[in-house]
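For any residue, its number in this note's numbering is found by taking its place in the sequence shown, counting from 1, and adding 1. First comes the structure, then the notes that go with it.
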Amino acid sequence: MAPRNIDLSMGNILKLHTQAQLQDSDLYSFLRQTFPELSPEERLQYLAAILNDYLEEYDYDPEDEMSVDGYRVKRFLPKGSLHAEDE
């Protein structure tokens, strides 16, 4: 399968970050729901790009990770989400 052209432009990353902030799920789960057609590696590229610019706007516990799509992924939750407030 040929690799897709994913849009890592600043405008698109800002748009995805803004949408993720309105969700009550972790960042990777949001990306998985938003881009079911993308490979895990492509979703991880989006995750890395969002966190590179907006890490301070997400809460995470270094011990909290999940196994998805064959990868171990840390759960990054939007600050102020219901899950983040429970911790």
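Quick reminder that beta carbons are idealized off the backbone N, C-alpha and C, glycines included.
Element boundaries [beta strand (DSSP E), containing residue i]
i, result
"Ser68", "66-69"
"Tyr29", "Note, Tyr29: premise wrong, no beta strand (DSSP E); alpha helix (DSSP H) at 28-35."
Limits of the alpha helix (DSSP H) - the one that residue i falls within
i, result
"Arg44", "41-55"
"Leu17", "11-22"
Residue i and residue j closer than 8 Å at C-beta
i, j, result
"Leu32", "Tyr55", "no"
"Glu57", "Gln22", "no"
"Asp70", "Pro41", "yes"
Cutoff 8 Å; reference residue i; Cβ partners in own chain excluding five residues on either side
i, result
"Thr35", "Leu17, Gln20"
Contacting residues, own chain, Cβ-Cβ under 7 Å from residue i (five flanking each side not counted)
i, result
"Val74", "Tyr29, Glu66, Met67"
Secondary structure of residue i, DSSP reduced to three states
i, result
"Leu78", "strand"
"Glu86", "In this prediction, Glu86 has a pLDDT of 47, which is less than 50 and means its spatial position is unreliable; what the coordinates show is noted afterwards. Residue state, collapsed to three classes: helix."
Residue(s) in a DSSP beta bridge with residue i
i, result
"Arg73", "Ser68"
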